[in-house]
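Engineer:
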Amino acid sequence: MTVGLARPVRKFNPGTLQSDEELKRQFVVRREELDIVLDVLRSNADAASCQQMMVVAPRGMGKTMLLARVSAELRTDDALSERLLPVRFMEESLEIFDLSDFWLETLFQLAQEVAGREPELAGELRKSRADLLSRGGPDVAEQALAAVVDAAERLNRRLVLMVENMQNLSRDVDADFGWQLRGVLQTEPRIMLVGTATTRFEDLEAADKAFFELFRFLDLRPLDTDGCGRLWSAISGEDVTQRAIRPLEILTGGSPRLLVIVAHFARHRSLKQLMEELVIVIDEHTEYFRGRLEALAKGERRVYVAVIDLWQPSSTGEISERARMDVRATSTLLGRLVTRGLVGFEGKGQRRRYVATERLYTIYYKLRRERDEAAIVMNLIRFMVAFYGGDELRELFVVLSREPLEASLLEGFLRAVEGELAETVAGLDPHGDELGRALVARRSSDVIEKADQLLEGGVFGTSELRVLLVRAFACLRSGDAQAALAAFDAVDERLCSSAETAVPGMAASASLMKAMLLGQLGRPDEEVDAYDALIARFEGDRDDAHVADVLLRTLSNKAGALRKLGDLRATVHVVEDAERMFDAREAPELRLQLARLLALKGAVLQELGQGDAAFAAYGRIVARHGASQDPPTQEIVANALIGQASVHFENRSFAAAEARCDDVVRRYGHSVVPALRTQVATALIAQGATAAGSARHGEALRIAADVERDYGTLADHDGATFAWRAGCLKVLALAALGQGREALETLRTASALFKPTSRAIGDVTRLVGPLMSIGVSPEEVLEVIVVTDREADVLRPLRVALELQCGRDVRVPEEVLEVAADIRKGWTKSVED
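All residue numbers for the sequence shown refer to our numbering, where the first residue is 23 and numbers rise by one.
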């Protein structure tokens, strides 16, 4: 694990009000590009004429950050700081319309740069600028330039002017500006220019334009996988594998700005969870996306929306048709969008195809346009989660503690509390009995109405608190989370304002409900804070049986919340707190809940790479509860044994893994309890996979047939049936035996059982490589796996990969093409292996 940056990386305006040292710490990508710029500037330091530079890249690719980092180096490097002085213009030079404006702005920024070290000179520069502004006249540009050159002489340094968005500057200035500036740059060695642009605009490319062949170009390419990983680790403080970061590289197009936006949201979340919650990320940045769209002129916006709506490389004709505009007008507007850096293109002439440069804009638009288009986006994300996030070893094991703890679910706790709460209001005049009956019957509207009548009629003391609690529970049952939160706030206010002693168990229950509501409302940090406040408030009352139950559920919920947030070490600490507080308790429900927490601890320790500690945590469950005849407890024991098997499997101790799976089958193979049967089926599938991995393919086929016969209709926690999983195991075993026809027909049969779950998507994607490695054609696989339109949509990247493998031309979004390319790389590796 790495340590995250002390302060967040800027999404916008990097370098503004930041120290040089902070900039250096935050600059973790583009190091090669930095070296290129610095090498050119070093060579300029003593040259008779300077090489000018132009950094070119679409918006968000790190141009501003690169210039800020260059400035920091020029100020802090002993050798460079004695010879060169950075003069950074604002990102948008909105006040520059001619050469006079340019040199006046240079005076202003130069004064800003030297103010700390040369206050007297800075004052002179400001006075010169003010005098020239007030005087005006045709010679202002010449005199302003003279003041700039004189300052460079007095400082004994060459000036490095850093001017951003040169494409806009060239568009807005008068006709002679470019030639006049070129003349100065070619004849005055004390001044050099490092510019940025979103594209190689006409003034840079056309032979009759002022800037033709004046600049050395440096193109900033999208960050590669390594670069995305480094930036992610710097922001989040978490090391990440190339495979894990790849989906975000694809969805952001390797844009540093978009990665920073996503990474700030992702703090304390796992990458898998982040992908699943990408809609929330985009929703939280609606103003950013919408603001950029609204800033475009009407015609430009119309064309840009057509580009992102098509969501694939598209011709001018296709875009004009979608925008319902004239082709010539569309072509002109596309040129403007390219210049702005919002649209890029591939190909030349008639074969030119346009795409949006910032990929998340397309996803933002699709998610808001209509349900069907949002589903297309979500299916792509679901596929990416399955393809990039699946761990083939761990996917064999259905360890329930990797999912939210059952006893921590809101519904289960509501059922546990409602009856007891109903009894507390019975007998209150005049509506207490009716209120209790309505609560138990879950007639939420009646409860709210009767509670309001009681409160308006005047109930006091503990009775008022109980009525408020009942009302809050009813609001919760009604599905109105905001109203429920307000109701629980009223309970909190009542508790805080009263000196009377409330019923501790009921008060603790209310606090727990409120905390869980915060989680439901997508406020995880507040949820965890509420759990902490509850524990601090009621820990001293844990001898009360009800309070003890609530406290342990609170610790369970807190552990689950931290687990979802990706804070694995904190999750383990919470479980250890629960062990310390409740390990000696004998109450069956407390022991069951603590066993669930131990199972969670084992799973989290595995994710942290602490296999031995995870094995020990699972072992404590088996030692304590292995003889239990209680089905829920037996389920946890089976879960623990499978957890131990998964540790052995990860260590390649296949015989030991099979022994643990055998133990599950021996203990619970006779059970008729569905949850236990699911665990037994999981153990058998793991045994089959182990057999196949040990080249015992006949045994793997036998086990698969047994699972299909005895457990086929059961579903694992992800929703895939064991008949499907058995079919997949058969396909792998038959492929390993070289029986391509039989494997293909088995896949055809299994495809009828396919459901678009994360596990099933990962399964079917992993099956294709082994089949093609033994000679099954991609056309045959394509025909078998894509049975319905629904499957074709869910498996779109896989379908595209197969079509490309068939040699077909495919036009789909770039994101889909990149996933398909990664799939095909896996097939190549499979064949080589």
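Backbone N, C-alpha and C fix where the C-beta goes; we use that ideal spot for every residue, glycine too.
Being a predicted model, the structure only gives us computed values, none of them experimental.
Per DSSP, threonine 743 forms a beta bridge with which residues?
Structural biologist: In the sequence shown, residue 743 corresponds to position 721, counting from 1. According to DSSP, which records beta bridges pairwise, threonine 743 is partnered with Ala737.
Engineer: Assign arginine 53 to one of two classes, buried (16 or more other C-beta atoms within 10 Å of its C-beta) or exposed (fewer than that).
Structural biologist: Here residue 53 corresponds to residue number 31 of the sequence shown, with the count starting at 1. Counting Cβ neighbours within 10 Å, arginine 53 comes out exposed, since fewer than 16 surround it.
Engineer: Let me know if tryptophan 849 comes out buried or exposed under the rule of 16 or more other beta-carbons within 10 Å of its beta-carbon.
Structural biologist: Taking the sequence shown and counting its residues from 1, the one referred to as residue 849 is at position 827. So tryptophan 849 ends up on the buried side.
Engineer: Specify, as a first and last residue, the run of the beta strand (DSSP E) that glutamate 761 falls within.
Structural biologist: Looking up residue 761 in the sequence shown gives position 739. The sequence given here places glutamine at residue 761; glutamate does not occur at that position. Looking at the DSSP string, glutamine 761 is not in any beta strand (DSSP E), and its letter there is neither H nor E.
Engineer: With distance defined between alpha-carbon atoms, name the residue in Glu164, Arg139 and Glu140 nearest to arginine 151.
Structural biologist: Counting from 1 along the sequence shown, the entry for residue 151 is found at position 129. Residue Glu164 is the option with its Cα nearest to arginine 151.
Engineer: Whole angstroms is fine: what's the gap from arginine 279's alpha carbon to aspartate 605's?
Structural biologist: Along the sequence shown, one-based indexing puts residue 279 at 257. Along the sequence shown, one-based indexing puts residue 605 at 583. Taking the straight line from one Cα to the other gives about 48 Å.
Engineer: Use the C-beta contact count for proline 819: other C-beta atoms within 10 angstroms, 16 or more gives buried, fewer gives exposed.
Structural biologist: Here the question's residue 819 lines up with position 797 in the sequence shown. With 16 or more other Cβ atoms within 10 Å, it is buried.
Engineer: Once DSSP output is grouped into helix, strand and coil, what is the label at valine 78?
Structural biologist: Here residue 78 corresponds to residue number 56 of the sequence shown, with the count starting at 1. Strand.
Engineer: Residues in its own chain within less than 8 Å of glutamate 548 by CB, not counting five upstream and five downstream?
Structural biologist: Here residue 548 refers to the residue found at position 526 of the sequence shown. Taken in chain order, the residues that qualify are Leu540.
Engineer: Any chance you could list the alpha helix (DSSP H) runs of at least 4 consecutive residues sitting entirely within the region 38-73, in chain order?
Structural biologist: Counting whole runs of 4 or more residues, the region 38-73 contains the alpha helix (DSSP H) stretches 42-48 and 53-66.
Engineer: Could you tell me the alpha carbon to alpha carbon distance between arginine 465 and alanine 503, rounded to whole angstroms?
Structural biologist: Your numbering for residue 465 matches position 443 in the sequence shown. Your numbering for residue 503 matches position 481 in the sequence shown. Distance between the alpha carbons of arginine 465 and alanine 503 is about 16 Å.
Engineer: Between which two residues does the alpha helix (DSSP H) harbouring proline 654 extend?
Structural biologist: For the purposes of this step, residue 654 is identified with residue 632 of the sequence shown, where counting begins at 1. 653-672 is the span of the alpha helix (DSSP H), which, as asked, contains proline 654.
Engineer: Would you call the region 58-67 and the region 87-96 touching, i.e. three or more CB-CB distances under 8 Å?
Structural biologist: Judged by Cβ distances under 8 Å, the region 58-67 makes contact with the region 87-96, as three or more pairs qualify.
Engineer: Given valine 109, which residues of its chain have a CB within under 7 Å of its CB, disregarding the five upstream and five downstream residues?
Structural biologist: For the purposes of this step, residue 109 is identified with residue 87 of the sequence shown, where counting begins at 1. Result list for valine 109: Thr128, Gln131, Leu132, Glu135, Leu181, Val182, Leu183 and Met184, in chain order.
Engineer: Using beta-carbon positions only, say whether glutamate 210 and valine 162 come within less than 8 Å of one another.
Structural biologist: By 1-based counting over the sequence shown, the position of residue 210 is 188. By 1-based counting over the sequence shown, the position of residue 162 is 140. No, these two residues do not count as a Cβ contact at 8 Å.
Engineer: Measure the C-alpha to C-alpha separation of alanine 843 and alanine 772 and round it to an integer number of angstroms.
Structural biologist: Numbered from 1 along the sequence shown, position 821 holds the residue referred to as residue 843. Numbered from 1 along the sequence shown, position 750 holds the residue referred to as residue 772. Their backbone Cα atoms lie some 26 Å apart in a straight line.
Engineer: Rounded to whole angstroms, what is the Cα-Cα separation between leucine 556 and aspartate 511?
Structural biologist: The residue given as residue 556 occupies position 534 in the sequence shown. The residue given as residue 511 occupies position 489 in the sequence shown. Approximately 14 Å, taken between the alpha carbons.
Engineer: What whole-angstrom Cβ distance do glycine 200 and aspartate 225 have, given they're in contact under 8 Å?
Structural biologist: Here residue 200 corresponds to residue number 178 of the sequence shown, with the count starting at 1. Here residue 225 corresponds to residue number 203 of the sequence shown, with the count starting at 1. 6 Å between Cβ atoms; contact.
Engineer: Per the DSSP calculation, glycine 366 is bridged to which residue(s)?
Structural biologist: To locate residue 366, count along the sequence shown from 1; it is residue 344. Answer by DSSP bridge pairing, in chain order: Val377.
Engineer: Can you tell me which of Leu359, Arg344, Glu805 and Arg350 puts its alpha carbon nearest to the alpha carbon of leucine 315?
Structural biologist: In the sequence shown, residue 315 corresponds to position 293, counting from 1. Of the listed residues, the one whose Cα sits closest to leucine 315 is Leu359.
Engineer: Relative to the ligand COA, is the shortest distance from any of its heavy atoms to the C-beta of histidine 692 smaller than 7 Å?
Structural biologist: Here there are no bound small molecules, and the ligand COA is not part of this structure.
Engineer: Nearest CA to the CA of leucine 332: which residue from Val206, Tyr383 and Ala703?
Structural biologist: Stepping through the sequence shown from its first residue, residue 332 is reached at position 310. Selected option, being the one with the closest Cα: Tyr383.
Engineer: So is alanine 429 buried or exposed if we call it buried at 16+ other beta carbons inside 10 Å?
Structural biologist: Within the sequence shown, numbered from 1, the residue matching residue 429 stands at position 407. Confidence at alanine 429 is low in this model, with a pLDDT of 36, below 50, so its placement is unreliable and the value that follows should be read with caution. The residue is buried, with at least 16 neighbouring Cβ atoms inside 10 Å.
Engineer: Just curious, the beta strand (DSSP E) that phenylalanine 130 is in, first and last residue?
Structural biologist: For this step, residue 130 is matched to residue 108 along the sequence shown. Here phenylalanine 130 belongs to no beta strand (DSSP E); instead the alpha helix (DSSP H) covers 121-136.
Engineer: Could you give the residue range of the alpha helix (DSSP H) that holds phenylalanine 637?
Structural biologist: Taking the sequence shown and counting its residues from 1, one reaches residue 637 at position 615. Unbroken alpha helix (DSSP H) run through phenylalanine 637: 633-647.
Engineer: When the Cα of arginine 222 is compared with those of Leu106, Ala717, Val77 and Leu457, which residue comes out closest?
Structural biologist: The count along the sequence shown starts at 1 and reaches residue 222 at position 200. Ranking Leu106, Ala717, Val77 and Leu457 by Cα distance to arginine 222 puts Val77 first.
Engineer: Figure out for me which residue from Val59, Arg176, Gly544 and Phe124 has the closest Cα to the Cα of methionine 87.
Structural biologist: The sequence position of residue 87 within the sequence shown is 65, counting from 1. Considering only alpha carbons, the answer is Val59.
Engineer: Alanine 662 and valine 644 - do their beta-carbons sit closer together than 8 Å?
Structural biologist: Taking the sequence shown and counting its residues from 1, one reaches residue 644 at position 622. Taking the sequence shown and counting its residues from 1, one reaches residue 662 at position 640. Cβ atoms of valine 644 and alanine 662: closer than 8 Å.
Engineer: Assign alanine 149 to one of two classes, buried (16 or more other C-beta atoms within 10 Å of its C-beta) or exposed (fewer than that).
Structural biologist: Start at 1 with the first residue of the sequence shown, and residue 149 comes out as number 127. Correcting the residue type first, residue 149 is lysine in the shown sequence and not alanine. Exposed, since its Cβ has fewer than 16 Cβ neighbours within 10 Å.
Engineer: Assuming leucine 457 and valine 492 are in contact, meaning their beta carbons sit under 8 Å apart, how far apart are those beta carbons, in whole angstroms?
Structural biologist: Walking along the sequence shown from the start, residue 457 turns up at place 435. Walking along the sequence shown from the start, residue 492 turns up at place 470. Right, the Cβ-Cβ distance comes to about 6 Å (below 8 Å), so this counts as a contact.
Engineer: In the structure shown, what three-state DSSP assignment does methionine 112 receive?
Structural biologist: Translated into the one-based positions of the sequence shown, residue 112 becomes position 90. Coil.
Engineer: For leucine 253 versus leucine 270, is the C-beta spacing smaller than 8 Å?
Structural biologist: Against the sequence shown, residue 253 aligns to sequence position 231. Against the sequence shown, residue 270 aligns to sequence position 248. Going by C-beta atoms, leucine 253 is not nearer than 8 Å to leucine 270.
Engineer: From the beta carbon of leucine 177, is the nearest beta carbon of chain D less than 8 Å away?
Structural biologist: Protein chains in the displayed structure number just one, and chain D is not present.
Engineer: Are at least three pairs of beta-carbons, each pair with one atom in the region 740-750 and one in the region 764-780, less than 8 Å apart?
Structural biologist: Yes, the region 740-750 is in contact with the region 764-780.
Engineer: Would you mind stating whether alanine 317 and alanine 345 have Cβ atoms separated by less than 8 Å?
Structural biologist: Within the sequence shown, residue 317 is the residue found at index 295, counting from 1. Within the sequence shown, residue 345 is the residue found at index 323, counting from 1. No.
Engineer: With DSSP as the reference, label valine 420 as helix, strand or coil.
Structural biologist: The sequence position of residue 420 within the sequence shown is 398, counting from 1. The pLDDT assigned to valine 420 is 48, lower than 50, so where the model puts this residue is not dependable, and the model offers no usable value.
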